[in-house]
Ligand code: OGA
Ligand code: MN
């Protein structure tokens with residue numbers, strides 16, 4: 006039986022609030038299907054006022070597919086656990102810092118595009134967030150694609166981008182990929198324009214995990230990627246999520262770029278979120 010669930014569209018770019026659900030409890034298949042259908046329509050879903058343990062977040066995540074593992078390592082060298090903590094807290098002092106162990110989340114990207122089979126959905130649960138700022142920005146790459154001219158679309162349609170963990174770390178000035186990580190996640194090639202497997206809409210598929218365009222001279226490739234990113238990430242394509250503690254936000258990596266906004270004092274305010282990721286399909 007369908008519970009009393011309400012879906013409130015937030016804007017025309019991306020985003021809807023889902024009201025009336027307690028995600029710590031298991032969902033019936035009808036509710037799950039209704040969430041998935043709203044997800045495909047609105048790209049970002051916001052569930053407010055949730056109380057979720059890590060296990061409960063895993064249980065909720067598993068209703069949408071296979072959980073992804075991570076290549077990232079914690080400061081002690083161990084692999085990120087399945088429920089990974091996105092944080093600006095220093096691992097030693099436990100205090101907020103402007104230079105956390107990793108800061109890749111502050112650059113435009115789509116999750117795990119350096120995988121041969123990249124992420125479908127990411128789920129982020131707000132444990133401790135600044136009162137204002139530290140927002141997450143979502144850029145609708147379907148709108149970005151639609152705004153291109155026909156000659157641009159023609160030019161891009163056969164191009165492929167090489168994504169890798171190594172390039173990602175380099176592009177973001179993060180701790181370089183280790184040899185072990187490079188072996189675990191060798192470079193992969195994906196179409197620059199991908200078709201959403203459910204809606205069949207086309208999107209630009211790029212971001213900080215891209216090293217270069219296959220078969221294109223380095224400088225030209227860089228200019229093209231920067232130009233596409235600049236044209237895409239304009240206000241009219243962006244939904245800004247302002248966090249409240251207890252928010253669970255889920256988004257579609259197949260048609261969005263996202264990043265955290267540094268619009269808060271990172272050296273003062275803790276920003277801690279729990280993250281799980283669902284595996285998708287090979288981009289075509
Ligand atoms: C992520 C991510 C953005 C943020 O968890 O995949 O990019 O706002 N997070 O921290
Ligand atoms: Mn991300």
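In the numbering used here, the protein residues as written are 6 to 289. Glycine included, every Cβ here is placed at the ideal spot set by N, Cα and C.
Quiz item: Where are the beta strand (DSSP E) runs, 3 residues long or more, that stay fully inside the region 90-168, in chain order?
Solution: 124-133, 141-145 and 165-168
Quiz item: In the DSSP assignment, what residue or residues form a beta bridge with residue 289?
Solution: Residue numbering aside, residue 289 sits at position 284 when the chain shown is read from its first letter. Residue 289 pairs with nothing; no bridge assigned.
Quiz item: With 16 other CB atoms within 10 Å as the buried threshold, where does residue 147 fall?
Solution: Working through the chain shown from its first residue, we reach residue 147 at position 142. The residue in question, residue 147, is buried, as its Cβ has 16 or more Cβ neighbours within 10 Å.
Quiz item: What is the rounded straight-line gap between the Cα of residue 207 and the Cα of residue 98?
Solution: As a first step, residue 207 is located in the chain shown; it is residue number 202 there, counting from the start. As a first step, residue 98 is located in the chain shown; it is residue number 93 there, counting from the start. Cα-Cα distance, rounded: 45 Å.
Quiz item: Whose C-beta lies closer than 6 Å to the C-beta of residue 177 among residues of the same chain, with five residues either side of it excluded?
Solution: Here residue 177 refers to the residue found at position 172 when the chain shown is read from its first residue. If we look at residue 177 and ignore the five residues flanking it on each side, its Cβ neighbours are 109, 112 and 213.
Quiz item: Per DSSP, residue 218 forms a beta bridge with which residues?
Solution: Taking the chain shown and counting its residues from 1, one reaches residue 218 at position 213. As a beta-bridge residue in DSSP terms, residue 218 pairs with 166.
Quiz item: Using 8 Å as the Cβ pair cut-off and three pairs as the minimum, do the region 264-273 and the region 133-149 touch?
Solution: yes
Practice problem: With a threshold of 16 other CB atoms inside 10 Å of the CB of residue 160, please say whether the residue is buried or exposed. | Solution: As a working note, residue 160 is residue 155 in the chain shown. That one is exposed.
Exercise. May I ask you to check if the CB of residue 116 is nearer than 6 Å to at least one heavy atom of ligand 4?
Key: You won't find ligand 4 in this model; what it holds is ligand 1 and ligand 2.
Quiz item: When the Cα atoms are used, what is the spatial distance from residue 19 to residue 174?
Solution: On the chain shown, residue 19 is found 14 positions in, with the first residue counted as 1. On the chain shown, residue 174 is found 169 positions in, with the first residue counted as 1. So the two alpha carbons sit approximately 28 Å from each other.
Self-check item: Residues near residue 285 by beta carbon distance below 6 Å, same chain, minus five either side
Solution: Translated into the one-based positions of the chain shown, residue 285 becomes position 280. The residues are 123, 124 and 125.
Quiz item: What's the call for residue 216, buried or exposed, on a 16-neighbour Cβ count within 10 Å?
Solution: Here residue 216 corresponds to residue number 211 of the chain shown, with the count starting at 1. Per the 10 Å Cβ criterion, buried.
Quiz item: Is the beta carbon of residue 127 within less than 6 Å of some heavy atom of ligand 1?
Solution: Against the chain shown, residue 127 aligns to sequence position 122. Ligand 1 approaches residue 127 closely enough that one of its heavy atoms is under 6 Å from the residue's Cβ.
Practice problem: Using only the heavy atoms of ligand 1, determine whether one of them is closer than 6 Å to the beta carbon of residue 49. | Solution: Working through the chain shown from its first residue, we reach residue 49 at position 44. Result no, Cβ not under 6 Å from ligand 1.
Practice problem: Give a single yes or no on whether residue 104 has its beta carbon closer than 6 Å to a heavy atom of ligand 1. | Solution: Within the chain shown, the letter at position 99 stands for residue 104. Checking the Cβ of residue 104 against ligand 1 gives no.
Quiz prompt | Rounded separation between residue 23 and residue 34 - CA only | solution = By one-based count along the chain shown, residue 23 stands at place 18. By one-based count along the chain shown, residue 34 stands at place 29. Distance between the alpha carbons of residue 23 and residue 34 is about 16 Å.
Exercise. Taking the CB atoms as reference points, tell me whether residue 278 and residue 131 lie closer together than 7 Å.
Key: In the chain shown, the residue the question calls residue 278 occupies position 273. In the chain shown, the residue the question calls residue 131 occupies position 126. In contact: residue 278 and residue 131 (Cβ atoms closer than 7 Å).
Quiz item: Where in the region 203-286 do unbroken runs of the beta strand (DSSP E), each at least 3 residues long, occur, reported from the N-terminal end onward?
Solution: 207-209, 215-218, 243-246, 253-257, 261-265 and 277-284
Quiz item: Within 6 Å: the Cβ of residue 36 and any heavy atom of ligand 1?
Solution: Here residue 36 refers to the residue found at position 31 when the chain shown is read from its first residue. Checking every heavy atom of ligand 1 against the Cβ of residue 36, none is found closer than 6 Å.
Self-check item: Closest Cα partner of residue 129 within the set 14, 204, 283 and 102
Solution: Within the chain shown, the letter at position 124 stands for residue 129. Nearest of 14, 204, 283 and 102 to residue 129, Cα basis: 283.
Quiz prompt | Other residues of its chain near residue 43: CB distance less than 8 Å, five sequence neighbours each side excluded | solution = Locating residue 43 in the chain shown gives position 38, counting from the first residue. Excluding residues within five positions, the ones whose Cβ falls inside 8 Å are 12, 21, 23 and 50.
Quiz item: What number of angstroms, rounded off, separates the C-alpha of residue 107 from the C-alpha of residue 89?
Solution: Along the chain shown, read from residue 1 onward, the residue named residue 107 stands at position 102. Along the chain shown, read from residue 1 onward, the residue named residue 89 stands at position 84. Near 12 Å, if we compare the C-alpha coordinates of residue 89 and residue 107.
Quiz item: How about residue 244 and residue 168: are their beta carbons less than 7 Å apart?
Solution: If you number the chain shown from 1, residue 244 lands on position 239. If you number the chain shown from 1, residue 168 lands on position 163. No, they are not a contact pair.
Quiz item: Is the beta carbon of residue 110 within less than 6 Å of some heavy atom of ligand 1?
Solution: Within the chain shown, residue 110 is the residue found at index 105, counting from 1. Yes.
Exercise. Return yes when the Cβ of residue 101 is within less than 7 Å of the Cβ of residue 295, no when it is not.
Key: As shown, the chain starts at 6 and ends at 289. That puts residue 295 outside it, with no answer to give.
Practice problem: Sort 104, 210, 72 and 29 by Cα distance to residue 58 and report the nearest one. | Solution: Residue 58 sits at position 53 when you count from the first residue of the chain shown. Of the listed residues, the one whose Cα sits closest to residue 58 is 29.
Quiz item: If you measure from the CB of residue 265, is any heavy atom of ligand 1 nearer than 6 Å?
Solution: Counting from one through the chain shown, the residue named residue 265 turns up at place 260. Yes, ligand 1 has a heavy atom inside 6 Å of this Cβ.
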